[in-house]
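Protein chains: 2
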Amino acid sequence: MTVATHSRTDRAIELFHALSDETRLEIIELLRRGERCVCELTDSLDAAQSRLSFHLRVLKDAGIVRDRKDGRWVYYELDPEIFEETEALVSGMKPNALKRTEKCCA
Amino acid sequence: MTVATHSRTDRAIELFHALSDETRLEIIELLRRGERCVCELTDSLDAAQSRLSFHLRVLKDAGIVRDRKDGRWVYYELDPEIFEETEALVSGMKPNALKRTEKCCA
DNA sequence: TAAATATATCAAGAAATGTTGTTATGTCAA
DNA sequence: TTGACATAACAACATTTCTTGATATATTTA
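Shown next as structure tokens:
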């Protein structure tokens, strides 16, 4: 397992990218009510298993979900902290109070 | 100009996609201090003009920036409201209080 | 142990996205 | 009114991301 050294920007890219796909947003919506095994997600979303697996990995790499193995099933659930982190990233993008007033290229 | 009919999900995809690119995050960071013309952004980011233009359009289509033409310059600035909207989208993804407890696939 | 099930991973192709160079359009200044 | 500049848009290509089908691994059950 590799823990990459992320700049703030890299982290934002990873998170926002993970959130910018329809299948992944659907997975998140399903997981909002609690953990699910892959088989349930496959049923609910009517998606090929390998496709689900691909998207779950993107979500997991971004830290949005965690998995837990139990027998032959793997359960996924949301990591609630990730949304605080995401909100903080978004907050940090808001216009700065100290805006400049002079024009450029004048 | 076309105003597409967006589902909540489509809107999230559009916003998060616009935020998941390094060049675009750099543009946002520069615009936090106030509006800039394209020429200034081109200088600051050392990027080809057509490349900047491409990314500015993605940001504009997503509603993250607005532009204003003045003489032969075009100025871009952040739309502060977009960040409230984004935060609201993120909030809406948090785990639901009413989680189910029964296991699946048992 | 053999067969069935759940999941991950991989390879190949398809689709989407980003880059670069070029051209078109409008505006300003000489 | 010609030339230079600022920007947008486009076409061709490169890169990335997603999908599909196949195979591999672990676990359970018969």
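Chain order of the listed sequences is A and B. In terms of my numbering, the first sequence opens at residue 33 and continues consecutively. In terms of my numbering, the second sequence opens at residue 33 and continues consecutively. Yeah, the Cβ is synthetic: ideal placement off N, Cα and C, and Gly gets one too. Please read all numbers here as calculations on a predicted model, not as lab measurements.
Is it the case that the Cβ atoms of residue i and residue j are separated by a distance below 7 Å?
i	j	result
V90 of chain A	L110 of chain A	no
E119 of chain B	V122 of chain A	yes
L84 of chain A	E58 of chain A	no
M125 of chain B	I114 of chain A	no
Once you ignore the five residues that flank residue i on each side, which residues in its own chain have a CB closer than 8 Å to its CB?
i	result
A50 of chain B	R56, V90, L91, D93, A94 and I96
E156 of chain B	Summary: the structure shown does not reach residue 156 of chain B, with chain B confined to residues 33 through 138, and so no result is reported for it.
G66 of chain A	E109
Can you find the residues in the same chain that come closer than 6 Å, C-beta to C-beta, to residue i, ignoring five residues on each side of it along the sequence?
i	result
V35 of chain A	Confidence at V35 of chain A is low in this model, with a pLDDT of 48, below 50, so the placement of that residue should be treated as unreliable; the coordinate-derived value is given next. Excluding residues within five positions, none has a Cβ falling inside 6 Å.
Q81 of chain B	T74
C69 of chain A	W105 and Y107
M33 of chain A	Because M33 of chain A carries a pLDDT of 40, less than 50, the predicted location of this residue cannot be relied on, and the following value inherits that uncertainty. Excluding residues within five positions, none has a Cβ falling inside 6 Å.
P112 of chain B	none
K101 of chain B	none
Taking just the CA atoms, how far does residue j sit from residue i?
i	j	result
P127 of chain A	D99 of chain B	15 Å
A44 of chain A	D53 of chain B	9 Å
C71 of chain B	G103 of chain B	13 Å
A129 of chain B	A79 of chain B	46 Å
D42 of chain A	F86 of chain B	21 Å
H38 of chain B	H38 of chain A	33 Å
R40 of chain B	L88 of chain A	21 Å
If I measure Cβ to Cβ from residue i and keep anything under 7 Å in the same chain, skipping five residues before and after, which residues do I get?
i	result
L63 of chain B	V97, Y108, E109 and L110
F48 of chain B	none
- Message: Using a Cβ-Cβ cutoff of 7 Å, what residues of the stretch 95-122 of chain B are near chain A? List them in chain order.
- Response: Correct list: W105, L110, P112, F115, T118, E119 and V122.
ask   = What residues in the stretch 44-65 of chain B bring their beta carbon closer than 9 Å to a beta carbon of chain A?
value = So the list reads A44, I45, E46, L47, F48, H49, A50, L51, S52, D53, E54, L57, E58, I60, E61, L63, R64 and R65, given in the order they occur along the chain.
* Could you list the residues in the stretch 75-91 of chain B with a C-beta less than 7 Å from some C-beta on chain A, going in chain order? => Cβ contacts with chain A: none found.
Note to self: Which runs of the beta strand (DSSP E) at least 3 residues long sit entirely within the stretch 66-134 of chain A? Give them in chain order.
What the structure shows: Listed in chain order, the beta strand (DSSP E) elements of length 3 or more contained wholly in the stretch 66-134 of chain A are 97-102 and 105-110.
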